[in-house]
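J.: Residue numbers (my numbering): 20 to 402.
Ideal placement from N, C-alpha and C gives every residue a C-beta, glycine not left out.
Given below as structure tokens:
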């Protein structure tokens, strides 16, 4: 008996990832002044301001010499940047957001990881998020420990209780994340948080798009916002409820066939390949469904991803599979494997992959197989 604790790590990972990725937004002051006090540090010690590189490894940006326990970094950044301060002779580092503002940092030599940071609206919002995140992470660790203990002792009652606590924490985490984004819709941390939530499927592309619509034009120009915009658009293209994008590709005879030309009352877009074992095993079920519902308005267009590297005669394999499996519906392929433009449009990372469209051409369901696929087709046909 096992507990799926994957979600327990998601929120903790988000905390770290937010500190290792940059976002850019111009500030009014046009410069930063980072006034830092480190208690317990002797004069003459060198301090380093570091910025993560593209791989997330902190790289030196500036240095300062400690005098009377104090030092200052000045300069300017185009947009806020996750940053770190290291001090020779002191373990750990100080994590903060480098933004064009007056920021005050106060810490002790032996506890750099728990500084007091004030000043700068992005840092203020970020500090609130980190504080609450750490609090919830402690709860998560306690639940994990309780679960492991219950499993070791084979205490089924305790295991059930731990599972309930996990569900409660998952709900609390999701609610807090959404509330934070609502409270700080223009904060650096909110942009990164929505991006991570979307990546971990803790929010929908529709909600991410709503968030993006509320950003200023300047914020939308930042690298992280641009990345979020691109990812959101990509996911919206294939989200349930979206109208399926049209595509055109050659059939086995070389004739160009488009999705819009063949759509029926219900349409299945079936991504498959001759070399794909799971696809071939599912084909008999699709044949059965097609034969049963084609006269009622079901159409299918198969998009073959044959043509992968190492496939000697992709077209021959494709045609042979069509004949062997008895695939009577429309078939198209650019014989370009996963590099296929249609596959990229539909975000295909693995096959089989299916999209079931309603009469309006909207995506009603995705990746259904077996009896579930037939049930959805029947439902959409009103049978």
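Which residues in the same chain as residue 301 place their Cβ atom closer than 7 Å to its Cβ, once the five residues preceding and following it in sequence are excluded?
T.: Answer for residue 301: 371, 388, listed in chain order.
J.: Tell me the DSSP secondary structure of residue 26 in three-state form.
T.: For residue 26, the pLDDT reaches just 42, beneath the cut-off of 50, and the residue's location in the model is therefore unreliable, although a value from the coordinates is still provided. Correct three-state label for residue 26: helix.
J.: Check residue 223 in the structure and name its three-state DSSP category.
T.: Residue state, collapsed to three classes: coil.
J.: What would DSSP say about residue 38, mapped onto helix, strand or coil?
T.: Residue confidence is low: residue 38 scores 44 on pLDDT, short of 50, so the model does not pin down where it sits. Its coordinate-derived value is still stated next. Coil, per DSSP.
J.: So for residue 105, helix, strand or coil by DSSP?
T.: Reduced to three states, the DSSP call for residue 105 is strand.
J.: Once DSSP output is grouped into helix, strand and coil, what is the label at residue 162?
T.: The answer is helix: DSSP assigns residue 162 an H, G or I state.
J.: Going by C-alpha to C-alpha distance, which of 191, 308, 140 sits closest to residue 154?
T.: Among 191, 308, 140, the Cα nearest to that of residue 154 belongs to 191.
J.: Along the chain, where does the beta strand (DSSP E) containing residue 327 start, and where does it finish?
T.: From DSSP, residue 327 is part of no beta strand (DSSP E); its letter is neither H nor E.
J.: In angstroms, rounded to a whole number, what distance separates the CA positions of residue 25 and residue 63?
T.: For residue 25, the predicted structure reports a pLDDT of 40, less than 50, and the residue's modelled location is therefore unreliable. The matter cannot be settled from this model.
J.: Grab the span of the beta strand (DSSP E) containing residue 89 for me, first residue to last.
T.: Residue 89 -> beta strand (DSSP E) spans 89-94.
J.: If distances are taken between C-alpha atoms only, which option among 147, 268, 231, 223 comes closest to residue 255?
T.: Nearest of 147, 268, 231, 223 to residue 255, Cα basis: 223.
J.: Which residues bound the beta strand (DSSP E) around residue 348?
T.: No beta strand (DSSP E) contains residue 348, which DSSP labels as neither H nor E.
J.: For a quick check, are the C-beta atoms of residue 270 and residue 213 less than 7 Å apart?
T.: Not a contact, by the Cβ cut-off of 7 Å.
J.: Could you check whether residue 166 and residue 181 sit closer than 7 Å to each other, using their CB atoms as the reference points?
T.: Closer than 7 Å, so yes.
J.: Please identify the residue among 354, 209, 347, 262 whose C-alpha is closest to the C-alpha of residue 333.
T.: The candidate whose alpha carbon is nearest that of residue 333 is 354.
J.: Smallest Cα separation from residue 220: which of 291, 193, 116, 347?
T.: Considering only alpha carbons, the answer is 193.
J.: Tell me the residue span of the alpha helix (DSSP H) that contains residue 211.
T.: That run of the alpha helix (DSSP H) goes 207-218.
J.: How would you call residue 139, buried or exposed, if buried means at least 16 neighbouring beta carbons within 10 angstroms?
T.: Burial call: buried.
J.: DSSP three-state label for residue 289, please.
T.: Three-state result, residue 289: strand.
J.: Taking contact to mean at least 3 C-beta pairs separated by less than 8 Å, is the segment 256-269 in contact with the segment 305-312?
T.: No contact exists between the segment 256-269 and the segment 305-312.
J.: Using 10 angstroms around the beta-carbon of residue 133, count the other beta-carbons present and answer buried if the total reaches 16, otherwise exposed.
T.: Result: exposed.
J.: Per the DSSP calculation, residue 86 is bridged to which residue(s)?
T.: DSSP output for residue 86 lists 89 as bridge partner(s).
J.: With which residues is residue 369 paired in a DSSP beta bridge?
T.: Answer by DSSP bridge pairing: none, since residue 369 is not bridged.
J.: By DSSP, does residue 131 sit in helix, in strand, or in coil?
T.: In the structure shown, residue 131 sits in coil (DSSP, three-state: anything other than H, G, I, E or B).
J.: Return the residue from the list 52, 71, 94, 75 that minimises the CA-CA distance to residue 121.
T.: Looking at the Cα atoms, 52 is the closest of the given residues.
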